[in-house]
Amino acid sequence: MHAEIPFPRKGTPEDIGNMVIFLISDEGEYITGQTICITGGSWMR
């Protein structure tokens with residue numbers, strides 16, 4: 139599976155946490171009703 143991810147490392151729980159923090163921050167206040175894929179770019183292959 140790791141060979142299919144273009145990003146040079148495996149994802150971590152912190153990667154998910156960083157997205158959550160962004161979404162609940164003032165910077166993410168205009169984002170609504172989205173599906174956000176945190177996959178390291180695996181969908182690109």
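Just so you know, we're using the numbering used here here: the sequence shown kicks off at 139 and counts up by one. Glycine is no exception: its CB is placed at the ideal position from the N, C-alpha and C atoms.
Pick helix, strand or coil for residue i, following the three-state DSSP scheme.
{"i": "E152", "result": "helix"}
{"i": "I169", "result": "coil"}
{"i": "I159", "result": "helix"}
Using 8 Å for Cβ pairs, my map puts residue i next to residue j. What's the rounded Cβ distance?
{"i": "D153", "j": "I174", "result": "11 Å between Cβ atoms; not a contact."}
{"i": "F145", "j": "G178", "result": "4 Å"}
Between the Cα of residue i and those of the options, spot the shortest distance and give me the residue it belongs to.
{"i": "Q172", "options": "G178, D164 and M157", "result": "M157"}
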